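Have a look at the structure below, then the notes.
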Amino acid sequence: MKIKGRVHRVGAHIDTDAIIPARFLVTTDASELGRHCMEGLEPGWVKRISPGDILVAGPNFGCGSSREHAPLALIGAGISLVIAHSFARIFYRNAFNMGLPLVELGKGVDQIGEGDVLEVDLEGGRIINKTKGEEFGFPQVPAFMLELLNMGGLVNYVKKQLRER
Amino acid sequence: MGKGLVEKILQRYTQEEIKERGQIIRCKVSKVLANDITAPLAIKSFREMGAERVFDRERVILVCDHFTPNKDIDSAQQVKFVREFAREMEIIHYFEGGNCGVEHALLPETGLVGPWEVVVGADSHTCTYGGIGAFATGLGSTDIAAAMVLGETWFKVPSSIGVYLEGSCGEFVQGKDVILFLIGKIGVDGALYRALEFFGPGVETLGVESRMTVANMAIEAGGKVGLFPVDKRTLEYCKGAGREGDEMLFPDEDAEYEKVISINLDELSPQVALPHLPENVRDVDEVKDIKIDQVVIGSCTNGRISDLREAARVLKGRKVKKGVRLIVLPATPGIWRQALKEGLLEIFLDAGAVIGPPTCGPCLGGHMGILAEGERCVATTNRNFKGRMGHLESEVYLANPSVAAASAVAGEIIHPARL
Chain A
4 MKIKGRVHRV GAHIDTDAII PARFLVTTDA SELGRHCMEG LEPGWVKRIS PGDILVAGPN
64 FGCGSSREHA PLALIGAGIS LVIAHSFARI FYRNAFNMGL PLVELGKGVD QIGEGDVLEV
124 DLEGGRIINK TKGEEFGFPQ VPAFMLELLN MGGLVNYVKK QLRER
Chain B
2 MGKGLVEKIL QRYTQEEIKE RGQIIRCKVS KVLANDITAP LAIKSFREMG AERVFDRERV
62 ILVCDHFTPN KDIDSAQQVK FVREFAREME IIHYFEGGNC GVEHALLPET GLVGPWEVVV
122 GADSHTCTYG GIGAFATGLG STDIAAAMVL GETWFKVPSS IGVYLEGSCG EFVQGKDVIL
182 FLIGKIGVDG ALYRALEFFG PGVETLGVES RMTVANMAIE AGGKVGLFPV DKRTLEYCKG
242 AGREGDEMLF PDEDAEYEKV ISINLDELSP QVALPHLPEN VRDVDEVKDI KIDQVVIGSC
302 TNGRISDLRE AARVLKGRKV KKGVRLIVLP ATPGIWRQAL KEGLLEIFLD AGAVIGPPTC
362 GPCLGGHMGI LAEGERCVAT TNRNFKGRMG HLESEVYLAN PSVAAASAVA GEIIHPARL
């Protein structure tokens, strides 16, 4: 899976209330949620996003509430990939379940700048920064998570399991 | 090499032999939970999976506690959606209206969760049940849908950070202070991907409700679970909740921990988490000149009867400061009734409090006490991220019920002993 996009940066400990405030948890529709993406961080934040953009974040991205609406809002807003120093564990599972790829990079995130254009090879574990002309690797995404992405998320995975029962 | 609480519980639910922490296992679950804001997504995924029945209609539990009593039309539609699903699936334990309470207070009280269980819930504070010895953890709605269908899920067996407790809590110091102190020490990602396992002589000095308060906030340090041993006090609590046949549970003497943090409860004073992270913790005496507008006493963290008793002790014969709104939300109908019987509600009313129904309400900025721009609230809840309880430019300070009550009287954050 290869992903190419322009970077938008956010900080550390971005919690799911920032990604999608509770008052919007009255819909299950990704595009509707997408309209309010990051509204808990900054009203109108989502206006800067073009479909396919990549989000780059500091440590502990997606901490706080388990709301699945968080990765849904990111998907609805058109974000194709989130790269972070580290991810909160419930958010990590939810993102792959929803088909949103994540890359955990550690300190390496500091080398990626706002507006940089990246090319990411998920299975190969490589990021090419087209803007800075840099290239680096990242720790293997667990095989099970890649399988979830390739199947289009957990729903398809379970659908297949039920058919095979 | 000895086993900790994590392996002992999980081994009962998986066919694979647990050889090491970090191993990925497929695991059966005892209970699967969701609420009015997380169940709709779960139900949507359930349908898309092509499922027709839940794996066990006695073990999928639905509690409409977040935006209820119905906050607005959209919330009412969500609850209706959940109610209809519960009816169609013939769910035995569906809670709404007069039997409904804040899930993580309601389920232990009614004996629906207990020791040695593996509980997954579409709510991050599912970890609360670790206080009564359950491996309990939060998952997203679609993960929960999969568990509703298959009766199982997958886990990476977490390594554990051991928290050694000794001594006992002094006056005005409770479980809330233990966990705030710990989060202050290790940070909001200090236990990321790990279990917190509490052990040591201090454990038996903590009441079961206090243990649930501690376990409730394991997630605020990034923890997967917050596990306590199951001792005589736990078994007594569970018997009172109508359970039979629960067993004790202790870690082996030589259980392995990634690291051990010691907390001497004798030396602990009331703690306050300042805006805007639960790790921003100080001793209450270090918090000066913070004038407040609102106090909330309630939630899955501190809405139980022992919490209300602590608050009433401080509020008895005193009045809430003019200009401060004190909102008390007993977490379940059972607690509400007991608080009424014990005269606590009268103490709250005499002090000038608003008493509301069992609901999560203001904790997540839903309803029943939202903050305006520039307002400050002391809350016995579990999160104080920016905008959590209302306007982005409002502030939430986390504290125990005694500090919350004292602050309501003083109009500013204060140690209860200084009133």
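Protein chains in written order, with our numbering: chain A, 4 to 168; chain B, 2 to 420.
Where a beta carbon is used, it is the ideal one built from N, C-alpha and C, also for glycine.
What you are looking at is a predicted structure, and each value in this text was computed from that prediction instead of being measured.
Got a sec: is the Cβ-Cβ distance from B:F386 to anything in chain C below 7 Å?
Of the protein chains in the structure, A and B, none is chain C.
Going by CA-CA distance only, name the one from B:G185, B:I92, B:Y165, B:G139 that's closest to B:N265.
Nearest option by C-alpha distance: B:Y165.
Output the residue ranges of the beta strand (DSSP E) runs that lie fully inside the segment 106-146 of chain B and measure 3 residues or longer, sorted by chain position.
Complete beta strand (DSSP E) runs here, min 3: 119-122, 136-139.
So, is the C-beta of A:G47 closer than 7 Å to a C-beta in chain B?
No, its Cβ sits nowhere closer than 7 Å to a Cβ of chain B.
Quick one: grab the DSSP three-state call for B:L183.
B:L183 falls in the helix class under three-state DSSP.
For the beta strand (DSSP E) that B:W155 lies in, which residues bound it at each end?
Looking at the DSSP string, the run of the beta strand (DSSP E) that includes B:W155 is 153-157.
Sort out for me which residues DSSP pairs B:Y398 with in a bridge.
Looking at the DSSP assignment, B:Y398 forms a beta bridge with B:V379.
Please return the same chain residues whose Cβ sits closer than 6 Å to the Cβ of B:N403, not counting the five positions on each side in sequence.
Residue identity differs from the one stated: residue 403 of chain B is Ser in this sequence, not Asn. If we look at B:S403 and ignore the five residues flanking it on each side, its Cβ neighbours are F173, E311, V315, P417.
Label B:W337 either buried or exposed according to how many other C-beta atoms from any shown protein chain fall within 10 Å of its C-beta, with 16 as the threshold for buried.
Residue burial annotation: B:W337 is buried, with at least 16 other C-beta atoms found within 10 angstroms of its C-beta.
Closest Cα partner of B:K387 within the set B:A409, B:E53, B:C364:
The candidate whose alpha carbon is nearest that of B:K387 is B:C364.
Under 8 Å Cβ-Cβ, which residues of chain A neighbour B:G366?
Correct list: D20, P24, A25, R26.
Chain A within 7 Å of B:V189, Cβ atoms only:
For B:V189, the answer is yes, since a Cβ of chain A falls inside 7 Å of its Cβ.
I want to verify the contact list: residues of chain B whose CB lies under 8 Å from the CB of A:V80, in sequence order.
The sequence as given places Ala at residue 80 of chain A; Val does not occur at that position. Those do not exist, as A:A80 stays about 17 Å from chain B at its closest Cβ, beyond 8 Å.
Since A:I6 and A:V112 should fall inside the 8 Å C-beta cutoff, what is the C-beta to C-beta distance between them, to a whole number of angstroms?
Going by Cβ atoms, the distance from A:I6 to A:V112 rounds to 16 Å, so no, they are not a contact pair.
Taking CB distances under 7 Å as the criterion, tell me whether B:L11 reaches chain A.
B:L11 does not count as touching chain A.
Please report the straight-line C-alpha distance between B:E8 and B:E89, rounded to a whole angstrom.
Straight-line spacing of the CA atoms in B:E8 and B:E89 works out to 37 Å.
Rounding to the nearest angstrom, what Cα-Cα distance links B:T143 and A:V158 in this structure?
Straight across, the Cα-Cα distance linking B:T143 with A:V158 is about 7 Å.
Would you report the Cα separation of B:L6 and B:Y258, rounded to the nearest angstrom?
A direct Cα-to-Cα measurement between B:L6 and B:Y258 gives close to 11 Å.
Tell me which same chain residues have a C-beta within less than 8 Å of the C-beta of A:Y160, skipping the five on either side of it?
Counting only Cβ-Cβ distances below 8 Å, and skipping sequence neighbours, we find E150, L151, M154.
Count Cβ pairs between the segment 301-311 of chain B and the segment 201-211 of chain B that sit closer than 8 Å; are there 3 or more?
By the criterion of at least three beta-carbon pairs nearer than 8 Å, the segment 301-311 of chain B is in contact with the segment 201-211 of chain B.
Quick test of your reading: A:K110 and A:L121, contact by CB under 8 Å. State the CB separation rounded to the nearest angstrom.
A:K110 to A:L121, Cβ: 17 Å. No contact.
Within 8 Å, do at least three Cβ pairs link the segment 25-42 of chain B to the segment 66-86 of chain B?
Judged by Cβ distances under 8 Å, the segment 66-86 of chain B makes contact with the segment 25-42 of chain B, as three or more pairs qualify.
Considering Cα atoms alone, identify which of B:E167, B:L63, B:G366, B:G163 is closest to B:L197.
The shortest C-alpha separation from B:L197 is found at B:G163.
In chain order, what residues of the same chain have a beta carbon less than 6 Å from the beta carbon of B:V55, not counting five sequence neighbours either side?
Counting only Cβ-Cβ distances below 6 Å, and skipping sequence neighbours, we find V61, M90, M149.
By Cβ distance, which residues of its chain are closer than 7 Å to A:F90, with the 5 residues on each side in sequence left out?
Correct list, in chain order: F64, G65, L105, E107.
At a Cβ threshold of 7 Å, is A:G43 touching chain B?
Taking Cβ atoms only, chain B reaches closer than 7 Å to A:G43, which makes this a yes.
Anticipated Cβ contact below 8 Å, B:I291 with B:E413, distance rounded:
About 6 Å separates the Cβ atoms of B:I291 and B:E413, confirming a contact at the 8 Å cut-off.
The alpha helix (DSSP H) enclosing B:A216, as first and last residue numbers:
First-last of the alpha helix (DSSP H) with B:A216: 209-217.
Length of the line joining the Cα atoms of A:G61 and A:Q114
Rounded to the nearest angstrom, the two C-alpha atoms are 12 Å apart.
Do A:H11 and A:L75 have their CB atoms nearer than 7 Å?
7 Å or more divides the Cβ of A:H11 from the Cβ of A:L75.
Sorted by chain position, which residues of the same chain lie with C-beta nearer than 7 Å to A:L36's C-beta, five sequence neighbours on each side aside?
The answer, listed in chain order, is I23, F27, T30, H72, L75, A76, G79.
Just curious, the alpha helix (DSSP H) that A:N20 is in, first and last residue?
Strictly speaking, residue 20 of chain A in this sequence is Asp, with Asn absent from that position. Note, A:D20: alpha helix (DSSP H), 19-22.
For A:P142, count neighbouring C-beta atoms within 10 Å of its own C-beta (all shown protein chains included) and say buried if the count is 16 or more, exposed if not.
That one is exposed.
Residue interval of the beta strand (DSSP E) (run including B:I414)
Neither: B:I414 is in no beta strand (DSSP E) and is coded neither H nor E.
Quick one, are the C-beta atoms of A:D20 and B:R389 less than 7 Å apart?
A contact, by the Cβ cut-off of 7 Å.
Complete alpha helix (DSSP H) runs within the segment 24-103 of chain A (minimum length 4 residues, chain order):
Those alpha helix (DSSP H) runs which fall completely within the segment 24-103 of chain A and span 4+ residues are 33-37, 72-80, 92-101.
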